[in-house]
Ligand code: C2E
Ligand code: CA
Ligand code: CA
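In my numbering, the protein residues as written are 1 to 587.
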């Protein structure tokens with residue numbers, strides 16, 4: 001492709017005329033692949049080279065010698081700019097001449113040209129001749145336009161991307177009109193990806209993009225923000241129900257069955273709507289956040305529906321935000337503590353493990369179990385710093401136990417890991433460091449990773465599990481039976497233990513099928529040398545069934561609730577000599 005710098009932009013004076021002439025022709029020659037023009041300003045006659053003429057579709061180059069011929073063909077919108085640039089340069093106001101403009105080709109369409117030129121001046125500096133090149137840069141421009149388009153659009157759906165959407169939203173706020181943002185995501189999209197594969201997932205995204213587009217008006221901005229999230233910006237809203245009927249239309253249009261890979265899918269969306277104007281919002285992020293809160297509400301209310309953002313949601317958000325702020329400070333204020341729940345061997349009745357479970361002594365809300373702040377901690381990525389504090393802290397207490405009871409086998413420490421921890425690149429480094437410095441003995445730790453955590457990011461979960469296993473730590477599959485993993489996972493990962501979820505135990509004695517599943521699991525796990533731990537054992541009846549099935553160990557209120565370290569210390573000292581069963585022979 002031609003470069004666009006045929007003639008260097010510098011002034012030439014008539015006093016150096018012989019050199020200038022040579023330079024000019026040398027340059028013109030060099031630039032022979034470009035169109036050359038040579039304008040005698042005193043006679044107002046211009047010479048157009050054959051390439052110049054050819055670039056606009058004219059083969060006979062001798063016929064035209066007037067500047068008018070050139071300017072008549074320049075696009076009316078670009079003509080002023082070109083003439084002003086020429087004038088400014090010739091008058092010496094600009095020290096070079098360079099201008100892009102559209103020019104009409106003989107065949108009727110426009111080409112984009114770049115002209116550069118230099119003037120030959122008399123000794124007073126007056127331009128007497130003006131020479132330059134004209135290069136066709138239409139293709140380069142197209143390429144530039146394509147790059148700009150690509151930077152602002154999503155490749156898969158060709159819809160505007162987040163950057164362009166935020167820009168349009170910013171303009172809407174600045175232009176002081178009423179607008180609405182509909183923030184949507186596809187219900188259970190992950191299931192499609194997981195069961196039918198990513199190609200099917202992509203196909204579904206494309207179809208849904210077109211359906212959303214079809215439901216909108218020409219002036220609306222429909223964007224894909226990433227993953228399965230789409231956003232629509234509607235401007236110039238006069239009545240709220242316009243937006244409501246758009247939301248209904250989108251929900252209806254999207255929810256028509258689709259055949260992908262010979263399987264019928266009926267996709268559904270959830271939509272969160274935020275209404276806005278320049279008085280309600282100053283930043284696009286604020287609008288998106290409101291719409292996101294409404295989307296969360298729509299999903300919580302059963303998916304496949306829309307919800308408007310309203311002030312009560314704001315209050316809820318503020319209350320969550322204040323809980324978040326409290327939680328951020330809770331570690332420093334030493335409000336977080338670690339409770340331990342014993343894991344009991346069903347053969348000996350002795351404590352073989354201690355599961356570490358976080359508790360928060362909230363100044364106003366009292367003692368909160370992990371369940372009440374864990375989702376928030378995970379959502380806001382606070383679980384990472386919490387874990388960074390809790391892992392070494394709980395290990396230190398385990399060491400204290402070892403020092404206190406040097407003659408008994410210390411229980412292993414069970415530590416829960418959630419998704420943000422597994423995704424955090426520093427997590428493994430930290431554990432590595434603790435092992436290397438001898439601060440923890442990996443063989444005495446069993447990391448518990450829930451089925452949901454594994455499914456949410458199979459690749460990273462596998463990486464982390466393998467790395468922890470290689471370090472010598474034990475790994476347990478937590479919450480087994482909550483419906484997602486299959487027995488094949490027991491083959492795929494190097495699990496040392498699998499923890500039966502409490503929901504299974506509760507139905508074990510009343511539901512034959514579940515009884516058979518647990519029986520099968522225990523049999524299968526034993527054949528792979530994997531321990532089975534039952535969680536949430538609350539009754540003697542449950543315990544008896546587990547004993548009958550040959551389950552290895554169990555934990556639950558039947559044995560003990562999670563307890564603070566001081567109480568656990570007591571219990572370990574007694575129960576490790578005594579066994580739970582011997583203490584309660586009548587049970
Ligand atoms: P999990 O790992 O399934 O822990 C068991 C949960 O069941 C605990 O709730 C425990 O107190 C409760 N539990 C134990 N025995 C019984 C019983 O017999 N009956 C009933 N109804 N419940 C019982 P908790 O402490 O609220 O913890 C909830 C979840 O929070 C844990 O579920 C775990 O996933 C997570 N979690 C707790 N501590 C940590 C932590 O340090 N890091 C991470 N990543 N997650 C944690
Ligand atoms: Ca657990
Ligand atoms: Ca569990």
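Don't be surprised by glycine CBs; every beta carbon is placed ideally from N, CA and C.
In the three-state DSSP reduction, residue 387 falls in the helix class (H, G or I). Beta-bridge partners assigned by DSSP to residue 52: none are found. Fully contained in the region 277 to 327 are the following beta strand (DSSP E) runs of length 3 or more, in chain order: 306 to 308. Nearest to residue 60 by C-alpha distance, out of 49, 145, 528, 379, is 49. Going by C-alpha positions, residue 412 is about 34 Å away from residue 364. The DSSP-derived three-state label of residue 94 is coil. For residue 489, the enclosing alpha helix (DSSP H) stretches over residues 488 to 492. Residue 176 carries a coil assignment under DSSP once its states are collapsed to helix, strand and coil.
In the DSSP assignment, residue 192 falls within the alpha helix (DSSP H) that extends over 189 to 196. The C-beta distance from residue 524 to residue 471 rounds to 27 Å, too long to fall under 8 Å, and the pair is not in contact.
Taking the Cβ of residue 451 as the reference point, every heavy atom of ligand 3 lies at 7 Å or farther away. Boundaries of the alpha helix (DSSP H) harbouring residue 69: 67 to 73, taken from the DSSP string. DSSP links residue 235 through a beta bridge to 179. Beta-bridge analysis with DSSP links residue 533 to 499, 553. Between residue 533 and residue 343, the gap from beta carbon to beta carbon is short of 8 Å. Between the region 543 to 550 and the region 502 to 522, the count of Cβ pairs shorter than 8 Å is three or higher; the stretches touch.
Our two residues, residue 186 and residue 366, have alpha carbons roughly 38 Å apart in a direct line. In the DSSP secondary-structure assignment, residue 38 is bridged to 47, 131.
Excluding five sequence positions before and after residue 305, the CB atoms of its chain that fall closer than 8 Å to its own CB belong to 251, 270, 271, 298, given in chain order. Relative to the non-hydrogen atoms of ligand 2, the Cβ of residue 355 comes within a distance shorter than 7 Å of at least one. Look at residue 552: its beta carbon is at least 7 Å from all of the heavy atoms in ligand 3. Cβ contact annotation for residue 225 (same chain, cutoff 7 Å, sequence separation greater than five): 162, 165, 231, in chain order.
Here residue 263 has 196 as same chain residues with Cβ atoms under 7 Å from its own Cβ, once five neighbours each way along the sequence are excluded. At least one heavy atom of ligand 1 is found less than 7 Å from the C-beta of residue 417. The shortest C-alpha to C-alpha distance from residue 228 to any of 243, 97, 198 is the one to 198. For the options 331, 314, 353, 190, the alpha carbon positioned closest to that of residue 409 is the one of 353. The nearest non-hydrogen atom of ligand 2 is 7 Å or more from the C-beta of residue 378.
Less than 8 Å separates the beta-carbon of residue 204 from that of residue 265.
When the Cα atoms are used, residue 208 and residue 540 turn out to be separated by approximately 53 Å. The DSSP-derived three-state label of residue 416 is strand. Each of 189, 561, 97, 72 was checked against the Cα of residue 84, and the nearest Cα belongs to 97.
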